[in-house]
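Remarks on the structure that follows.
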Amino acid sequence: MFLGTHNPRLDDKGRVILPAKFREGLAEGVVITKGQERCLYVFPEAEFTRIAEALQQAPMSSKTARAYSRVFFASAHDEVPDKQGRVTIPPRLREYAGLDRDLAVIGASNRVEIWNTQTWDDYLEASEEAFADIEEGDLPEGL
Numbered sequence: 001m002f003l004g005t006h007n008p009r010l011d012d013k014g015r016v017i018l019p020a021k022f023r024e025g026l027a028e029g030v031v032i033t034k035g036q037e038r039c040l041y042v043f044p045e046a047e048f049t050r051i052a053e054a055l056q057q058a059p060m061s062s063k064t065a066r067a068y069s070r071v072f073f074a075s076a077h078d079e080v081p082d083k084q085g086r087v088t089i090p091p092r093l094r095e096y097a098g099l100d101r102d103l104a105v106i107g108a109s110n111r112v113e114i115w116n117t118q119t120w121d122d123y124l125e126a127s128e129e130a131f132a133d134i135e136e137g138d139l140p141e142g143l
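Spelled out as structure tokens, the structure:
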């Protein structure tokens with residue numbers, strides 16, 4: 001499980017050093033793809049495979065599933081982190097997420113998310129009041 005918020009920097013070659021506490025879970029390989037709200041999702045390969053299999057179960061007649069799958073898979077980039085725990089973020093994904101030097105890398109349970117720092121701060125500011133107002137029944141049973 002990936003937890004916490006970290007603030008690494010993007011280097012001149014488009015690489016980011018993954019937070020030390022995330023590296024073990026990502027060491028075998030990652031898949032980086034577009035996420036919602038203009039962030040990037042970073043999945044361990046096994047989790048990406050699980051999600052891919054679930055998406056493949058959606059009927060081809062589902063317009064929503066087709067559209068989501070196209071963007072999700074077409075933008076995916078896979079690689080194995082180097083010995084320093086760095087991964088390269090392709091230019092098209094950096095552009096999509098508006099990534100510049102300063103990043104917010106967050107743990108989001110089964111994945112890591114990479115955000116432009118200002119976009120993350122704006123998202124948190126806009127979302128924290130709604131978070132505080134979530135009522136029983138709005139979340140899965142048991143939460």
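One point on numbering: in full-length UniProt numbering, the residue at position 75 of the sequence shown is 75, and numbering is uninterrupted. Idealized CB from N, CA, C, for every residue including glycine. These numbers come from a predicted model, not from an experiment.
In summary, Thr33 is buried, with 16 or more beta-carbon neighbours lying within 10 Å of its beta-carbon over all protein chains present. Lys13 and Thr119 do not touch by the CB rule: their CB atoms are close to 22 Å apart, not below 8 Å. Exclusion of the five residues before and after Trp115 leaves Cys39 and Ala104 as the residues of its chain whose Cβ lies within less than 6 Å of its Cβ. In the structure shown, the three-state DSSP call for Ile134 is coil. A contact between stretches requires three or more CB pairs, one per stretch, nearer than 8 Å, and the region 73 to 80 fails this requirement with the region 124 to 143. Excluding residues up to 5 positions away in sequence, Phe2, Tyr41, Val42, Phe43 and Glu47 lie with their Cβ nearer than 7 Å to the Cβ of Arg111 in the same chain. Taking a contact to require three or more Cβ pairs closer than 8 Å, the region 89 to 100 and the region 47 to 64 do not qualify as touching. Straight-line spacing of the CA atoms in Asn7 and Pro81 works out to 18 Å.
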